[in-house]
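Student: Just dropping this structure here.
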Amino acid sequence: MDRRWSVESLEDQLRCPVCLEIFTEPLILQCGHSYCRGCVRAISVNPLGQLQCPVCRCAVDADCPPPNVALARIVDAVRSLNTPDEGPLEICAQHNNPLSLYCEDDRALICGLCGSIGAHRAHKVTPINSVYSSMKEDISCLMTEFQTQRRKLEEQICKMDFNKSRITNESDVLKWVVRKEFGELRRCLELEEAGFMEKVENAASTLISSIQRQAEHVSQLLAKIQSAEATLDALSNDGHLEFIAKYGSIAPRLREGQQREQRDEKIYSSIQFNPGFSHNDIKMYVWKRLHRRVLPAPEHLKFDPLTAHPMLHLSKDSTKVECGILLNRLPNNPERFSYSYCVLASRGFSSGKHYWEVQVGAKPKWRIGLIKGTASRKGKLFKSPENGVWLMGLREGRLYEAFTTPRVVLPLSTHPQRLGVFLDYESGQITFYNADSEDELGFIYSYQAELQGKVFPLFDVCWHERGVNKLPLSLTQALTHR
């Protein structure tokens with residue numbers, strides 16, 4: 001208790017007269033009074049470079065007052081008494097004094113005598129408490145930097161782990177999709193294979209059954225002939241009298257049967273095995289049947305009434321359109337066709353693969369295809385790829401053509417009632433198909449274009465020609481071919 005009181009009394013004597021705190025880096029003025037380094041720097045200096053001592057009011061030189069090394073040692077000793085956990089002070093090996101100062105030039109711990117009369121007297125020295133605080137602050141900043149860098153690296157690792165997990169999940173999903181798609185293809189191929197095998201087996205079974213029936217008939221004839229031969233052989237072995245007696249009842253009967261069989265006899269000719277297809281056609285036949293399956297599911301499109309020419313009449317569900325007789329009174333909005341009897345689908349496409357079907361029926365004149373969303377709809381529509389329009393159509397009920405420059409006549413042997421249109425936006429492919437068959441698509445024509453921006457399915461109903469071309473165009477909605 002007495003010791004504690006004496007230390008506290010000593011601390012009161014070691015307080016700076018300016019800040020009233022324990023001296024920190026004490027400096028001694030020419031008048032003999034000591035102050036903290038920061039307090040000395042805070043005192044104003046007159047034009048002569050002098051400052052007034054706050055205690056004795058003497059004017060002293062303000063140019064670099066020296067450190068009070070002895071006082072600094074005492075301050076450090078008192079502070080060490082208040083912090084016993086720090087362990088015993090290290091002793092200077094040369095002067096046997098506590099190491100209370102730090103030489104910043106040599107970066108070494110020294111005692112007060114080393115700094116005043118020893119090898120470090122001309123060096124810049126600082127009390128170890130100040131150096132400790134400064135170094136602690138530097139270490140704290142360095143730790144903060146390392147912590148920040150560690151957090152960044154941990155965030156990077158988390159991102160990498162998340163990215164790895166995401167790629168793993170996406171690859172697992174994609175592998176599942178690949179297995180599913182190839183499983184469906186295998187099932188389709190197995191069905192096609194089963195169909196071909198069934199055709200082969202049925203054709204072979206029919207032919208074999210026919211040959212078997214003929215063979216059975218011939219076997220029956222052979223048995224009759226063998227029986228007749230045996231009868232005649234037995235007759236030949238009889239005596240004269242018995243031979244003559246039996247001859248009249250056997251020979252005429254056998255001769256009559258032989259003549260009857262000869263009249264009914266059919267010459268057998270080899271039968272050719274024909275299952276209805278050639279092995280060279282199998283791949284092409286299956287490819288055509290699979291073609292419809294690998295295309296996207298048909299889009300469920302509807303006509304856009306805002307784009308329809310005023311002469312066109314749309315059904316309530318906007319899936320049928322025909323050219324009317326009277327002009328509808330409709331607003332002349334920018335989207336509407338004002339000259340050509342056209343209408344667009346309500347949906348456009350700017351990416352991906354899309355397929356849709358149009359029912360044209362027996363309509364003698366029509367055009368279907370694709371148009372750029374930026375193409376003008378006022379005035380006559382210039383139907384060519386150069387103007388952002390890709391069409392195929394029919395005129396005069398018999399002439400199919402692609403609207404290229406110049407136009408190309410399409411030599412179709414049949415008149416399709418339903419057509420399919422396939423768009424692969426990224427590759428710029430626009431393909432038309434005969435979609436009458438539920439099992440396969442028949443290729444008609446394909447455009448190769450450089451597509452930019454949104455494109456829309458286009459339907460040109462054409463003028464009704466006083467009722468001759470009255471039939472509508474219809475968008476199929478319920479047909480799927482998966």
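So that you can map any letter, position 71 of the sequence shown is 71 in UniProt numbering, and since no number is skipped, the others follow by simple counting.
Positions of the beta carbon are idealized from the N, C-alpha and C atoms, including for glycine.
Kindly indicate which three-state DSSP category E86 falls into: helix, strand or coil?
Tutor: Along the sequence shown, read from residue 1 onward, the residue named residue 86 stands at position 86. With a pLDDT of 49 at E86, under the threshold of 50, the modelled position of this residue cannot be trusted; read the value that follows with caution. DSSP places E86 in helix when its eight states are reduced to three.
Student: Comparing alpha-carbon positions, which option in A435, R253, R121 lies nearest I225?
Tutor: Within the sequence shown, numbered from 1, the residue matching residue 225 stands at position 225. Comparing Cα-Cα distances from I225 to each of A435, R253, R121, the minimum goes to R253.
Student: As an exercise, report each continuous alpha helix (DSSP H) stretch of at least 4 residues that is fully enclosed by the stretch 205-235, in chain order.
Tutor: List check, alpha helix (DSSP H) in window: nothing returned.
Student: Assess contact between the stretch 397-408 and the stretch 373-388, defined as three or more Cβ pairs (one per stretch) separated by less than 8 Å. Is contact present?
Tutor: Short answer: they touch.
Student: Please confirm if the stretch 280-294 is in contact with the stretch 453-460, defined as three or more CB-CB distances below 8 Å between the two stretches.
Tutor: The stretch 280-294 vs the stretch 453-460: no contact.
Student: Would you mind working out which of I208, G112, S427 sits nearest Q272, comparing C-alpha positions?
Tutor: Within the sequence shown, the letter at position 272 stands for residue 272. Nearest option by C-alpha distance: I208.
Student: Can you name the residues that DSSP bridges to T127?
Tutor: Here the question's residue 127 lines up with position 127 in the sequence shown. The sequence as given places Pro at residue 127; Thr does not occur at that position. Paired residue(s): L101.
Student: Answer with buried or exposed for W390, where buried requires no fewer than 16 other C-beta atoms within 10 angstroms of its C-beta.
Tutor: Position 390 of the sequence shown, counted from the start, is the residue given in the question as residue 390. W390 comes out buried.
Student: Under the rule that 16 or more other beta-carbon atoms within 10 Å means buried, what is V468, buried or exposed?
Tutor: The count along the sequence shown starts at 1 and reaches residue 468 at position 468. Exposed, by the Cβ-count rule.
Student: If you drop the 5 nearest sequence neighbours on each side, which residues of the same chain put their C-beta closer than 7 Å to that of Q50?
Tutor: The residue labelled residue 50 in the question sits at position 50 within the sequence shown. Excluding residues within five positions, the ones whose Cβ falls inside 7 Å are A59, V60, D61, A62.
Student: Taking the DSSP output, what are the residues bridged to N434?
Tutor: Counted from its first residue, the sequence shown places residue 434 at position 434. L419, G442, per the DSSP bridge assignment.
Student: Do V421 and F349 have their C-beta atoms within less than 7 Å of each other?
Tutor: Working through the sequence shown from its first residue, we reach residue 421 at position 421. Working through the sequence shown from its first residue, we reach residue 349 at position 349. Cβ atoms of V421 and F349: not closer than 7 Å.
Student: Closest to T414 by C-alpha separation, out of Y400, S427, L301, would be which residue?
Tutor: Here residue 414 corresponds to residue number 414 of the sequence shown, with the count starting at 1. Checking every option, the nearest Cα to that of T414 belongs to Y400.
Student: I'd like the span of the beta strand (DSSP E) that includes G393, first residue to last.
Tutor: To locate residue 393, count along the sequence shown from 1; it is residue 393. Here the beta strand (DSSP E) through G393 covers 389-395.
Student: Could you check the C-alpha separation between F337 and L327 for me, to the nearest Å?
Tutor: For this step, residue 337 is matched to residue 337 along the sequence shown. For this step, residue 327 is matched to residue 327 along the sequence shown. Spanning the two alpha carbons is a distance of roughly 13 Å.
Student: For the beta strand (DSSP E) that C342 lies in, which residues bound it at each end?
Tutor: By one-based count along the sequence shown, residue 342 stands at place 342. Taken as a continuous stretch (DSSP letters only), the beta strand (DSSP E) holding C342 covers 342-344.
Student: Let's test the definition: count the other Cβ atoms within 10 Å of the Cβ of Y447 and tell me whether it reaches 16, buried, or not, exposed.
Tutor: Here the question's residue 447 lines up with position 447 in the sequence shown. With 16 or more other Cβ atoms within 10 Å, it is buried.
Student: Helix, strand or coil for L473? Go by DSSP, reduced to three states.
Tutor: Residue 473 sits at position 473 when you count from the first residue of the sequence shown. Strand at L473.
Student: Mark R255 as exposed unless 16 or more other C-beta atoms lie within 10 angstroms of its C-beta, in which case mark it buried.
Tutor: Residue mapping note: residue 255 aligns to position 255 of the sequence shown, counting from 1. R255 comes out exposed.
Student: Should I167 go down as buried or exposed, given a rule of 16 or more other Cβ atoms within 10 Å for buried?
Tutor: Translated into positions along the sequence shown, residue 167 becomes position 167. I167 is exposed by the Cβ-count criterion.
Student: Here's a check: name, in chain order, each residue in its chain whose Cβ is nearer than 6 Å to the Cβ of K363, leaving out the five neighbours to either side.
Tutor: For the purposes of this step, residue 363 is taken as the residue at position 363 of the sequence shown. Once the five neighbours on either side are set aside, the close Cβ partners of K363 are L471.
Student: Got a sec: is the Cβ-Cβ distance from S318 to anything in chain D below 7 Å?
Tutor: Among the chains of the structure shown, chain D does not appear; only one protein chain is present.
Student: Cutting at 8 Å between CB atoms, please list the residues of its own chain near M197, excluding the five before and the five after it.
Tutor: Residue mapping note: residue 197 aligns to position 197 of the sequence shown, counting from 1. Excluding residues within five positions, none has a Cβ falling inside 8 Å.
Student: With DSSP collapsed to three states, give me the class of Q147.
Tutor: Locating residue 147 in the sequence shown gives position 147, where the first residue counts as 1. It is helical.
Student: Give the straight-line distance between the Cα atoms of T476 and A204, rounded to the nearest whole angstrom.
Tutor: For the purposes of this step, residue 476 is identified with residue 476 of the sequence shown, where counting begins at 1. For the purposes of this step, residue 204 is identified with residue 204 of the sequence shown, where counting begins at 1. Approximately 41 Å, taken between the alpha carbons.
Student: Closest to F303 by C-alpha separation, out of C111, W287, Q13, S346, would be which residue?
Tutor: Counted from its first residue, the sequence shown places residue 303 at position 303. Cα-wise, what sits closest to F303 is S346.
Student: What's the C-alpha gap between K199 and R213?
Tutor: Here residue 199 refers to the residue found at position 199 of the sequence shown. Here residue 213 refers to the residue found at position 213 of the sequence shown. Distance between the alpha carbons of K199 and R213: 21 Å.
Student: Tell me where the beta strand (DSSP E) around C323 begins and ends.
Tutor: On the sequence shown, position 323 is the one that residue 323 refers to. Where C323 is concerned, the enclosing beta strand (DSSP E) stretches over 320-323.
Student: C39 and C16 - do their beta-carbons sit closer together than 7 Å?
Tutor: Position 16 of the sequence shown, counted from the first residue, corresponds to residue 16. Position 39 of the sequence shown, counted from the first residue, corresponds to residue 39. Contact flag set, yes.
Student: Going by other Cβ atoms of all chains shown within 10 Å of its Cβ, with 16 needed for buried, is N333 buried or exposed?
Tutor: Walking along the sequence shown from the start, residue 333 turns up at place 333. With fewer than 16 other Cβ atoms within 10 Å, it is exposed.
Student: Can you give me the C-alpha to C-alpha distance between L174 and V343, rounded to a whole angstrom?
Tutor: Taking the sequence shown and counting its residues from 1, the one referred to as residue 174 is at position 174. Taking the sequence shown and counting its residues from 1, the one referred to as residue 343 is at position 343. Their backbone Cα atoms lie some 39 Å apart in a straight line.
Student: Express the C-alpha separation of E11 and R37 in angstroms, rounding to a whole number.
Tutor: The count along the sequence shown starts at 1 and reaches residue 37 at position 37. The count along the sequence shown starts at 1 and reaches residue 11 at position 11. Going from the Cα of R37 to the Cα of E11 covers about 18 Å.
Student: Roughly how many whole angstroms lie between the Cα atoms of E104 and L153?
Tutor: Taking the first residue of the sequence shown as position 1, residue 104 is located at position 104. Taking the first residue of the sequence shown as position 1, residue 153 is located at position 153. E104 and L153: Cα-Cα distance of roughly 35 Å.
Student: Can the beta-carbon of W366 be found less than 7 Å from the beta-carbon of G393?
Tutor: Within the sequence shown, the letter at position 366 stands for residue 366. Within the sequence shown, the letter at position 393 stands for residue 393. Yes; because the gap between Cβ atoms is below 7 Å, this pair is in contact.
Student: Rounded to the nearest angstrom, what separates P84 and T126 at their Cα positions?
Tutor: What you label residue 84 is simply residue 84 of the sequence shown in a count that begins at 1. What you label residue 126 is simply residue 126 of the sequence shown in a count that begins at 1. Model confidence at P84 stands at a pLDDT of 49, short of 50, so the residue's coordinates are unreliable and nothing is read from them.
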